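This report concerns only the one structure given below.
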Amino acid sequence: MENSMGRHETEMNFKATELRLGLPGVDEMEKVPSNYSVLRSNKRSSPETSEVESINKTNLNTSNTICHDQDNAPPSKAQVVGWPPIRSYRKNSLQQKKGEEVGMYVKVSMAGAPYLRKIDLKVYKSYSELLKALENMFKCTFGEYSEREGYNGSEFAPTYEDKDGDWMLVGDVPWEMFMSSCKRLRVMKGSEAKGLGCF
Amino acid sequence: MNYFPDEVIEHVFDYVVSHSDRNALSLVCKSWCRIERFTRQRVFIGNCYSISPERLVQRFPSLKSLTLKGKPHFADFSLVPHGWGGFVYPWIEALAKSKVGLEELRLKRMVVSDDSLELLSRSFMDFKSLVLVSCEGFTTDGLAAVAANCRSLRELDLQENEVEDHKGQWLSCFPESCTSLVSLNFACLKGEINLGALERLVARSPNLKSLRLNRSVPVDALQKILMRAPQLVDLGIGSFFHDLNSDTYAKLKATILKCKSITSLSGFLEVAPFSLAAIYPISQNLTSLNLSYAAGIQSSELIKLIRHCGKLQRLWIMDCIGDKGLGVVASSCKDLEELRVFPSAPFGNHAAVTEKGLVAISMGCPKLHSLLYFCHQMTNAALITVAKNCPNFIRFRLCILDATKPDPDTMQPLDEGFGAIVQSCKRLRRLSLSGKLTDQVFLYIGMYADQLEMLSIAFAGESDKGMLYVLNGCKKLRKLEMRDCPFGDSALLTDIGKYETMRSLWMSSCEVTVGACKTLAKKMPRLNVEIFNESEQEDCDMEDEQRVEKMYLYRTVAGKRNDAPEYVWTL
């Protein structure tokens, strides 16, 4: 009993400082929302597909993304090298096209910079990737994100304008929600952004 | 034993055109072989390592057209590591040295360097036609050399090659004096091209019949080009992106109306929604339509277009057309002979086409003889129906995206379905299998597929018997390729003489061992048995009991090749 309580304590503390993809105010112990993308290892349940797995151990690429509630997740299909048999040329242009079809270019402005930049949000799979890219692009750092304090302690903070025209702090909402509501980005000076971090 | 002088026989031989017939002629007697040799103009070499370039040149001094294929077919699916081989340079070098009057070079799955293209362009005064399919290793600089130096160039056809784009002005390298172009296909190039140069080139090429553009050619340039070349028969559109209300679109529609000769359409690498209506006026003339790269077209638009294409013989599309869409194809395209349905989301979960679409096609298109079909599922009942409706299949390639999926209705393997296909289609030459399959399907193939020349297998079979049924039964088998099948040493070694009657055998992730491959190589000196050792370990001596990950063997009179990379061991 004691152990589990103790563990609960430490978990809570840990989670408070973690950059999470949960809705603000949600109980830490609640399950992750169902639109959470996850990188999972390949766990097969159907006998036919397990045959594939055993024959093809060396070729399996075990990373895969699913977008399902974890309880009812269907067996994820491993991406086997060379299957389906599509010419690499064709496969490459398919991927290119997919990227372009749903490419999400948004303007990014930086406090004090004379011109704007543009980035394709579709290239990034998570906040950490996006923030790293922004840090590289503008040669700045954002520091640790926390729900309570935002990017407290850093010179700059990433913000975005959402569908309603409001300026929001990047990182508060789940990634998918951010992707669908972000209209443009702005790297604000830490002092400008302070107002956004408070609830 | 000739009753006619040589000149007469030569004249008769002029009428014998197909490679296999000519090969047969040369086997009749020594003098026919001699006559055939000197009059042979077109040579096809299905495996560039089966014979040396020097030997070719020595035997056929009148050579004008050479077709070469390099890497094994499964290289298309990333199963052959980089650097395996298939270099064209030694061939061009040998031909150049020998003073052969080469006019046409057709390459598939070969490594073509800029140097080779440069040498090619400077060595043959009458060079007319270069066709590169699924090749790699060259850049637009090589193309510039061809454009600049091949004075009588008629055809430059680049299909699905990996070309490094140096953003040079290769198109501008065609001299003003070059007016002989009949066919130009650069759809696979990724970079920008000089639009002015393209327009001028088209304007001075009155014989231009086939033009396939890349994505960088925008619609206004397309319109200008079409104005200059209303005689085009085959058009590949690059970008079809435009504002539907613009003048450009109106002009385009008017121009397209004038292109009454276009019977083949492809490309649409970029498409604006609802813009296909511009094509309707020429759709009824189309015999060939390739929209397999047109990811931007919605299925409803696609279906509307196809309703206009009553004369279609060849159709390549993506599976977003759906089963219903295939139903429309079946009712609109009664002359359909070749169909390819490609997956738009190979790793996705949505159902795009299933057995229903194929059954609909088989009911509406009895002339169908070539099929490549990527689908989510297939049933035995459907295959049996298709076999009954379409007995004329020459090529039947089915790819179920879940490689070992059984019949979803009965949970049975698809042995009976494919069995029906091989039994009914007596002219079947090429077959690709997928889905859950036991040894039984191979029994059927061995029994019925007399004309089968190429068989592709993946994740199928239960024991060595499967492979043996095929090797024993298919007398005309030339190419056998398989991956992830439980066929092992016993299957490999039972009938080793068979492999000299075939072009090649590919086995990857099967159950053959190093020892068996060594045995085979020792007994059959006219086979090159290659094993790929891709492990990082410096295992100089592989244990005999070790399983071979990839093996490729082929008959050859050229002996062991000297350009194999480190990881290829020729035993």
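Those sequence lines, one after another, are chains A and H.
Residue numbers for the first sequence, in numbering that gives the first Met the number 0: 0 to 198.
Residue numbers for the second sequence, in numbering that gives the first Met the number 0: 0 to 570.
Heads up, the beta-carbon is just placed ideally off N, CA and C, and yes, glycines get one too.
Predicted model, so just to flag it, every value in this text is computed and none were measured.
Between G195 of chain H and N213 of chain H, the CB-CB gap reaches or exceeds 7 Å.
In the pairwise beta carbon analysis, the stretch 257-264 of chain H is classified as touching the stretch 219-239 of chain H: at least three pairs are separated by under 8 Å. A Cβ of chain H is located within less than 7 Å of the beta carbon of S87 of chain A. Excluding sequence positions up to five before and after R121 of chain H, its CB lies within less than 6 Å of the CB of N148, all in the same chain and listed in chain order. Residues of chain A with a Cβ closer than 7 Å to the Cβ of L157 of chain H do not exist; the shortest Cβ-Cβ separation is about 11 Å. Residues K63, S64, F123, D125, F126, K127, S128 of the same chain have their beta carbon placed closer than 8 Å to that of E102 of chain H, with the five preceding and five following residues left out of the count.
Straight through space, the alpha carbons of N46 of chain H and W505 of chain H are spaced by roughly 13 Å. Within 9 Å of the CB of E161 of chain H, the CB atoms of chain A belong to S87, Y88, N91, in sequence order along the chain. For W90 of chain H, the enclosing alpha helix (DSSP H) has its first and last residue at 88-97. By the Cβ-count criterion, E269 of chain H is buried, with 16 or more other Cβ atoms from all chains shown falling within 10 Å of its own Cβ. Comparing C-alpha distances from S204 of chain H to each of H:Q222, H:V181, H:D219 shows the shortest one belongs to H:V181. Annotated as distal: D543 of chain H and V567 of chain H, with beta-carbon spacing of 7 Å or more. Nearest CB-CB separation between G170 of chain A and chain H: not below the 7 Å threshold. Ranked by Cα distance from T409 of chain H, the options H:A381, H:L400, H:R394, H:S431 are led by H:A381.
Contacts with chain H at 7 Å (Cβ-Cβ) do not include G164 of chain A. Within its own chain, the residues whose Cβ lies closer than 6 Å to the Cβ of T139 of chain H, once the five positions on either side in sequence are excluded, are D164, H165, G167, W169, listed in chain order. When Cβ pairs closer than 8 Å are counted between the two stretches, the stretch 381-391 of chain H is seen to touch the stretch 407-425 of chain H, the count reaching three or more. In the three-state DSSP reduction, V79 of chain A falls in the strand class (E or B).
Against chain A, the CB of S77 of chain H has a partner CB under 7 Å away; the residue lies at that interface. Separation of E198 of chain H and A220 of chain H (C-alpha to C-alpha, rounded to the nearest whole angstrom) is 8 Å. The DSSP assignment places 263-270, 287-289 as complete runs of the beta strand (DSSP E) inside the stretch 244-302 of chain H, in order along the chain (cut-off: 3 residues). At least one CB of chain H lies nearer than 7 Å to the CB of G81 of chain A.
Close CB contacts of A386 of chain H within its chain, under the 6 Å cut and outside five residues either way in sequence, are with A419, I420, S423 (chain order).
Cβ-Cβ separation between E548 of chain H and E533 of chain H: approximately 7 Å, consistent with a contact (criterion under 8 Å).
DSSP places E103 of chain H in the uninterrupted beta strand (DSSP E) bounded by 103-107. For the C-beta of S133 of chain H, the chain A residues within less than 8 Å are, from N- to C-terminus, R86, Y88. The beta carbon of V327 of chain H is closer than 7 Å to those of I302, I305, R306 in its chain, skipping five residues each way along the sequence. Counting along the chain, D233 of chain H sits inside the beta strand (DSSP E) bounded by residues 233-239. When secondary structure is reduced to three states using DSSP, P113 of chain A falls in the coil class, being assigned neither helix nor strand.
For D488 of chain H, there is no enclosing beta strand (DSSP E); the enclosing alpha helix (DSSP H) has its first and last residue at 488-493.
Boundaries for L212 of chain H: no beta strand (DSSP E) harbours it, and the DSSP string shows neither H nor E there.
Of all residues in the stretch 286-317 of chain H, only S291, Y292, A294, G295 come within less than 8 Å of chain A when Cβ atoms are compared, listed by chain position.
Contacts between A457 of chain H and chain A, judged by CB atoms closer than 9 Å, involve G81, W82, P84 in chain order.
Residues of the stretch 167-199 of chain H with a Cβ closer than 8 Å to any Cβ of chain A, in chain order: C187. G472 of chain H sits close to G445 of chain H, with the two beta carbons spaced by under 7 Å. Separation of the CB atoms of C516 of chain H and M550 of chain H is rounded to 6 Å, and the pair is thereby assigned contact status at 8 Å.
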